[in-house]
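Taking it in order: structure first as structure tokens, then the write-up.
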Amino acid sequence: ETKSETAGDSALEETNSESAGNSFPMLEKLVLRNLLKLKSLVAGPSGEWNEGTMSRLQLLVIINCPLLQRFPKGMKLPKLKELQITMCNQLMELDIGSGSYPMLESLTLDELNKLENIAGSDGWNESTLSKLQIVEFIDCPLLKTLPKGMEKLSSLKQINGEFEWWRRLTWE
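So the sequence shown is numbered by our numbering: it starts at 16 and just counts up by one.
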């Protein structure tokens with residue numbers, strides 16, 4: 016049986032699971048939609064991710080959370096297969112390559128007007144993103160380079176992006 020949850024309360028300012036170290040252990044799908052005041056996904060009092068939080072999550076969709084600025088430090092979703100982030104205009108950075116998403120197969124980034132970096136400090140590599148097959152960039156005007164090491168991912172089958180975005184890319 017698939018466990019899922021959809022949130023759509025425009026008054027919510029942050030998600031918070033500090034009360035339990037292993038929050039939502041059975042949750043497999045989470046959709047956060049139209050959370051107009053959401054600024055961060057907070058996992059604990061320190062702003063860091065609690066080990067075991069949403070440890071079975073396979074699908075995370077975040078749509079129209081225009082004030083969302085960041086993901087928690089050390090956020091780990093070991094079973095996540097699909098990540099879609101759309102219309103989060105304040106999100107500037109997303110650390111995809113840190114080993115936080117080892118099962119990630121599909122990444123869609125859409126209408127992220129301030130997104131500049133998706134690689135983190137270490138770039139992307141086979142040991143942390145060995146399952147990634149599809150990456151899609153739509154209307155991410157400040158994302159000017161592909162992550163270092165992305166070209167070495169043997170599982171990667173498809174990179175989708177708008178023609179103008181491809182033309183503006185800076186190649187290392």
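Quick reminder that beta carbons are idealized off the backbone N, C-alpha and C, glycines included.
Pull up the DSSP beta-bridge partners for residue i, would you.
i	result
Ser121	Glu97 and Ile149
Gln173	Ile149
Leu75	Leu45 and Leu98
Out of curiosity, what's the CA-to-CA distance linking residue i and residue j?
i	j	result
Val46	Leu75	6 Å
Ser19	Ser38	Low per-residue confidence applies at Ser19: pLDDT is 43, beneath 50, and the placement is therefore not dependable enough to give any value.
Phe152	Pro40	30 Å
Asp110	Trp64	14 Å
Met102	Asn79	5 Å
Leu168	Ile100	22 Å
Trp181	Met118	27 Å
Asp154	Lys129	10 Å
Leu95	Ile174	19 Å
Leu161	Asn132	9 Å
Arg183	Lys159	7 Å
Lys44	Leu122	15 Å
Lys163	Leu51	33 Å
Glu28	Glu120	Note that Glu28 scores a pLDDT of 49, beneath 50, so its modelled location is shaky and nothing firm can be said.
Ala35	Met90	Its pLDDT being 44, under 50, Ala35 is placed unreliably by the model, and the measurement read from it follows with that caveat. Ala35 and Met90: Cα-Cα distance of roughly 15 Å.
Could you round the C-beta distance between residue i and residue j to whole angstroms and report it? I think they count as a contact, below 8 Å.
i	j	result
Leu171	Gln148	6 Å
Leu98	Tyr116	7 Å
Where do the ends of the beta strand (DSSP E) carrying residue i lie?
i	result
Arg48	Lys44 to Arg48
On the DSSP letters alone, give me the boundaries of the alpha helix (DSSP H) that residue i sits inside.
i	result
Arg182	Phe178 to Arg183
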